[in-house]
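The number in my numbering is simply the position in the sequence shown, starting from 1, with 12 added. Each remark here refers to the structure printed beneath this line.
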Amino acid sequence: MSFIWSILWLVHVALAIIAISDIVSSSRDMATKVVLIVLVLAIPFIGPGLYLFALKDKGYKI
Numbered sequence: 013m014s015f016i017w018s019i020l021w022l023v024h025v026a027l028a029i030i031a032i033s034d035i036v037s038s039s040r041d042m043a044t045k046v047v048l049i050v051l052v053l054a055i056p057f058i059g060p061g062l063y064l065f066a067l068k069d070k071g072y073k074i
C-alpha cells in the first residue's frame with residue numbers, strides 16, 4: 013500500500029510542478045497567477061488537474 017501512495021504522491025508533485033511552471037510563464041496578471049498557484053497547492057490532486065484541464069490558457073482568441 014505504501015508503494016501506491018508513493019507513486020500517487022510523485023504524480024501529484026509532477027503535475028503541480030508542470031501546472032505552476034505554466035502559470036508562472038503565462039500572460040495572466042500577477043493576482044491571478046497567485047490565486048491559481050494557491051489553488052494548485054491547496055487542493056492536492058484536484059488542483060493541478062483542474063488547472064491543466066479546465067483553467068489553462070489554451071491560446072484561443074475571441
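Yeah, the Cβ is synthetic: ideal placement off N, Cα and C, and Gly gets one too.
query: Local conformation of S33 per DSSP, three classes; result: helix
query: Endpoints, alpha helix (DSSP H) assigned at K45; result: 42 to 54
query: Sequence-distant residues of its chain with Cβ nearer than 7 Å to D34 (five each side left out); result: K68
query: Meets three-Cβ-pair contact criterion under 8 Å: the region 49 to 63 and the region 23 to 31; result: yes
query: Proximal residues to L51 (C-beta, below 6 Å), its chain only, five neighbours per side dropped; result: G59
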